[in-house]
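Visitor: Residue numbers (the numbering used here): 3 to 135. Sharing a structure here in structure tokens format.
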Amino acid sequence: MKLQRKFLVLWFLQKISQKGKPPELQILNSNNLAEQFHGRVLEFLNHGCSAQFYMIWFSPATKFGKREVMATDSLLKFNPKGCLMILSKSMDSGSGYRILKPLLDRGFKVKALTPDLPFLVKNTPAETWLQEL
3 MKLQRKFLVL
13 WFLQKISQKG
23 KPPELQILNS
33 NNLAEQFHGR
43 VLEFLNHGCS
53 AQFYMIWFSP
63 ATKFGKREVM
73 ATDSLLKFNP
83 KGCLMILSKS
93 MDSGSGYRIL
103 KPLLDRGFKV
113 KALTPDLPFL
123 VKNTPAETWL
133 QEL
């Protein structure tokens, strides 16, 4: 574990020295799904949610394991008419859908959406921060 951490630190420092700035974070890259974010959110929340819940997932979809599924299941079991939106580029994929399918099959309202960060931070102090990245 310590060796892996040292390797990552060295890799990060090397990228900074090559470009003069930190490496680009993939979460900041826009794609077609991110551009559709606002419409997809409105469509999802238009299904009579008694409560709205949000989760942010930065890790790969493969890391969304039993613990996360159980937590999601518990949340929705006690809020059966609630809606859970998972903001995640990795979960807004075929593998993410397969992970969430058992919850969807039980009638729970859960959806993974690739976030559009510029849209989310527009007119907030974070907008300037994001533009400077």
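In this text, a Cβ means the ideal position worked out from N, Cα and C, and glycines have one as well.
1. What does a CB cutoff of less than 7 Å around Leu106 pick up in its chain, not counting 5 residues either side in sequence?
2. Among Lys65, Arg69, Ala53, which has the Cα closest to the Cα of Met178?
3. Buried or exposed: Gly98, going by 16 or more other Cβ atoms within 10 Å of its Cβ?
4. Can you grab the Cα-Cα spacing for the pair Thr130 / Tyr56, in whole Å?
5. Three-state secondary structure (DSSP) at Ala114?
6. From Gln6, Glu37, Leu102, pick the residue whose C-alpha is nearest to that of Leu119; which is it?
7. Applying the 10 Å Cβ sphere with the 16-neighbour rule, what's the burial state of Ala114?
8. Got a sec, what are the start and stop residues for the beta strand (DSSP E) Met57 sits in?
9. Which whole-angstrom value describes the C-beta separation of Ala63 and Ser92, a residue pair presumed to lie in contact below a C-beta threshold of 8 Å?
10. For Ser90 and Trp59, which I take to be in contact (beta-carbon distance under 8 Å), what is that distance rounded to the nearest angstrom?
11. Can you tell which of Gln6, Glu70, Pro82, Lys68 has its C-alpha closest to the C-alpha of Cys51?
Guide: In short, the structure shows the following:
1. Val112
2. Residue 178 is absent from the model: the chain starts at 3 and stops at 135.
3. Only buried fits Gly98, as 16 or more other CB atoms lie within 10 angstroms of its CB.
4. Answer to the nearest angstrom: the Cα atoms are 24 Å apart.
5. strand
6. Glu37
7. So Ala114 ends up on the buried side.
8. Boundaries of the beta strand (DSSP E) around Met57: 54-58.
9. 4 Å
10. 4 Å
11. When only C-alpha atoms are compared, the closest one is Pro82.
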